[in-house]
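Residue numbers (this note's numbering): 20 to 288. Ideal Cβ placement from N, Cα and C applies to all residues, glycine included. Comments concern the structure below.
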């Protein structure tokens, strides 16, 4: 396969922005409103339908929501069409990740995690090494059956490391949903939450390195130190923004409450 063609496939987007970006133009405003309304209807209907799964099948609520989403998606009932998914998926995912991040931060209490930091690191290291070895080895062993058969060994290694990095990642949404549903507390819950949240950062670094390897040996792109600095800068910028927002939220909660009104005091007495 031509190197230029590989580079185009890795770096280009064949989709039309007017069809995939909400309110991108006056022409797609009606489509955006229709897709948004359809998504809200499916979202509202999924809540009562998902409640049947714990009652009838003894399964977590999130399993019911996943099944309802699959049924409502474009591959089964097509209630949410391909156009809706292409347009709304990025914004919905970003909004959901924001809520999950705040919820995870609310559930993680640092004084409770400090005695378990060593256990969290051991669990995370074991999970990372095991998943990377198993998945990367499997990807390299079955390379004859996939698209990267004719590529170089370093390109195949980069692809294997990329899939291995993805396999390490757990689902914070699943962990948080089950914890809230079961009202689970205790050292084991704190251990799993800490390992799951820390794995997000580790996988981000691992995936970024694997992607750089693929860019060099698969797409034949020139990657300089400036590109590496840019990638690390994005990671550091996210950390800085998170710290700043955390400081703002802490300051908001430290605002002293106002004095109770005299009428309320009179009614209470």
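- Residue 237 sits in coil when the DSSP states are folded into three classes, being neither helix nor strand.
- The beta carbons of residue 150 and residue 183 sit about 6 Å from each other, so the pair counts as a contact at 8 Å.
- Proximity of the region 131 to 143 to the region 158 to 172 falls short of the contact definition, fewer than three beta-carbon pairs being nearer than 8 Å.
- DSSP, reduced to helix, strand and coil, places residue 165 outside both helices and strands of the structure shown, so it counts as coil.
- In the same chain as residue 142, and ignoring 5 residues on each side of it, the C-beta atoms closer than 8 Å to its own belong to 210, 214, in chain order.
- Secondary structure at residue 189: coil, using DSSP grouped into helix, strand and coil.
- Taking the Cα positions, residue 233 is about 43 Å away from residue 70.
- Here the alpha carbon of residue 97 sits roughly 46 Å from the alpha carbon of residue 135.
- Under the three-state reduction of DSSP, residue 44 is assigned to coil, being neither helix nor strand.
- Cβ atoms of residue 153 and residue 178 stay farther apart than 8 Å, at about 15 Å.
- Setting aside the 5 residues that flank it on each side, residue 117 has no residue in the same chain whose C-beta is closer than 8 Å to its C-beta.
- The three-state reading of DSSP puts residue 127 in coil, since its state is none of H, G, I, E or B.
- Per DSSP, residue 149 is one residue of the alpha helix (DSSP H) stretching across 136 to 160.
- In the displayed model, residue 248 falls within a helix according to three-state DSSP.
- Residue 72 carries a helical assignment under DSSP once its states are collapsed to helix, strand and coil.
- Taking all protein chains shown into account, residue 83 has 16 or more neighbouring C-beta atoms within 10 Å of its C-beta and is therefore buried.
- Distances from the CA of residue 238 to each of 175, 274, 67 were compared; the closest alpha carbon is that of 175.
- Note on geometry: alpha-carbon atoms of residue 245 and residue 255 lie some 15 Å from one another.
- Here residue 166 is exposed: its Cβ has fewer than 16 other Cβ atoms, across all protein chains shown, within 10 Å.
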